[in-house]
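Remarks on the structure that follows.
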Amino acid sequence: MRATIRSIKAMKHKGRKIAMVTAYDATSAAIVERAGVPVVLVGDSLGNVMLGHGDTLPVTMDDMIHHVKAVVRGTEKVHVVADLPFMSYQASVEDAVRNSGRMLQEGGAQSVKLEGGRRLAGTVERIVGAGIPVMGHIGFTPQSVNQIGGYRVQGKTTSAAEALVEDAVSLETAGAYAVVLELVAAPVARLITERLSIPTIGIGAGVHCDGQVQVLHDVLGLLPEPRKHARRYAEIADAMAQAVAQYAGDVQSGRFPTDAESFCTEESILAELAEDILQQQTA
Ligand code: KIV
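Set out below in structure tokens:
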């Protein structure tokens with residue numbers, strides 16, 4: 001049985017912090033599940049970390065569904081949140097409901113996430129009305145990077161902080177079951193967390209959020225540049241490079257594969273084969 005929005009919301013009320021992390025493929029999602037993480041986000045950050053784009057804007061619905069399916073196939077217990085990519089929900093409420101539906105129906109996700117506050121409240125209400133749980137996402141919203149003008153911490157002035165609180169409250173009122181707060185000044189994130197009855201999940205938003213979300217590649221040390229709001233718990237890029245270099249060295253020197261890593265055939269078959277070849281050559 002997978003974690004549900006009910007069990008996720010209950011964590012806030014029981015004072016249990018929610019650990020959420022991204023995953024984009026079956027193998028890493030299975031490892032994340034084994035580690036005991038209850039919520040996995042198939043983020044559109046896959047545009048950056050899996051597909052090599054400079055931002056999330058080129059990511060399509062088909063890209064997302066491809067990766068959501070893989071994560072769902074690799075897991076049994078985690079709640080899978082599918083990110084709605086840029087332009088899959090902004091142009092019309094109908095697009096939003098249909099594309100959210102695809103994430104559940106085709107992808108197998110349990111809920112969707114979209115970026116935006118008050119202006120998206122009506123959309124959230126309609127998606128939730130269709131029986132699809134929605135996680136909100138406010139503060140720095142990467143799909144609006146061109147409008148925001150760069151990767152900036154949000155809520156640093158009184159009016160910006162007030163706007164964020166309004167955004168969060170309107171998402172809760174619209175029926176969202178949780179809200180991601182990205183790059184939000186920690187005291188503002190705390191205020192929002194205390195104000196809402198649904199969980200806040202922070203990324204670069206301080207310790208007072210009800211949970212935290214990180215990009216798996218940051219946690220594992222797979223990216224070259226450490227980010228301020230991320231903590232690297234391993235140096236997997238170095239370990240990978242070292243392992244692959246050792247493998248290449250072993251191939252070049254003939255140390256790989258050994259007999260133990262190869263497959264044998266019976267002597268009698270080899271003898272017959274040698275005879276056949278000889279006959280063909282003398283024919
Ligand atoms: O796409 C993503 O990974 C996200 C997180 C950074 C919250 O939206």
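Letter 264 of the sequence shown, counting from 1, is numbered 264 in the numbering used here, and no numbers are missing.
Using N, Cα and C, we set each Cβ at its ideal position, and we do this for glycine too.
With DSSP as the reference, label residue i as helix, strand or coil.
i	result
His217	helix
Met20	strand
Gly101	helix
Val332	Because the chain spans 1 through 283 in this model, residue 332 falls outside it and cannot be assessed.
Gly116	strand
Ile132	coil
Met87	coil
Val251	helix
Glu267	helix
Thr282	helix
Ser7	helix
Lys14	coil
Leu273	helix
Met61	helix
Lys69	helix
Met50	coil
Glu125	helix
Glu76	coil
Asp238	helix
Ala243	helix
Glu261	helix
Asp92	Checking the sequence shown, residue 92 turns out to be Ser, not Asp. Of the three classes helix, strand and coil, the one that applies to Ser92 here is coil, per DSSP.
Ala26	helix
So what does residue i bridge to, in DSSP terms?
i	result
Ser111	Val81
Met1	DSSP lists no partner for Met1.
Ile138	Leu181
Val42	Ala82
Do you know whose CA, among the options, lies nearest residue i's CA?
i	options	result
Thr173	Thr258, Ile65, Gly129, Glu76	Gly129
Gln143	Ala245, Val81, Thr157, Ser45	Ser45
Leu104	Thr123, Gly15, Val80	Val80
Ile5	Ala70, Gln110, Leu51, Thr60	Gln110
Asn146	Gly54, Val93, Tyr89, Leu196	Gly54
Met7	Leu222, Ala178, Tyr247	For clarity, residue 7 is Ser in the given sequence; the question names Met instead. Closest by alpha carbon: Ala178.
Gly108	Glu115, Asn99, Arg126	Asn99
Ala161	Ala176, Thr141, Arg152, Ala185	Ala185
Gly211	Val219, Ala237, Leu181, Ala168	Leu181
Thr27	Pro58, Pro199, Glu76	Glu76
Gly202	Val153, Leu220, Thr158	Val153
His229	Ala163, Tyr151, Gly175	Tyr151
His67	Gly101, Ala176, Tyr24	Tyr24
Ala241	Pro224, Lys12, Arg231, Arg190	Pro224
Phe86	Thr141, Ile148, Ala234, Pro257	Thr141
Thr157	Val188, Leu171, Pro133	Val188
Ala29	Leu41, Ile18, Met1	Leu41
Ser268	Gly155, Asp276, Lys14	Asp276
His208	Val219, Ser92, Gly15	Gly15
Leu114	Ala163, Ile31, Val72, Met61	Met61
Val21	Gly36, His13, Gly117	Gly36
Legend entry - Within the stretch 142 to 217, ranges of the beta strand (DSSP E) (whole runs, at least 3 residues): 178 to 182, 200 to 203, 211 to 214
Inset, instruction - Would you list the residues whose beta-carbon is nearer than 7 Å to any heavy atom of the ligand KIV, in the order they occur in the chain? - result: Thr22, Leu41, Gly43, Asp44, Ser45, Thr56, Asp83, Lys113, His137, Pro142, Val180, Glu182, Ile203, Val213, Val215
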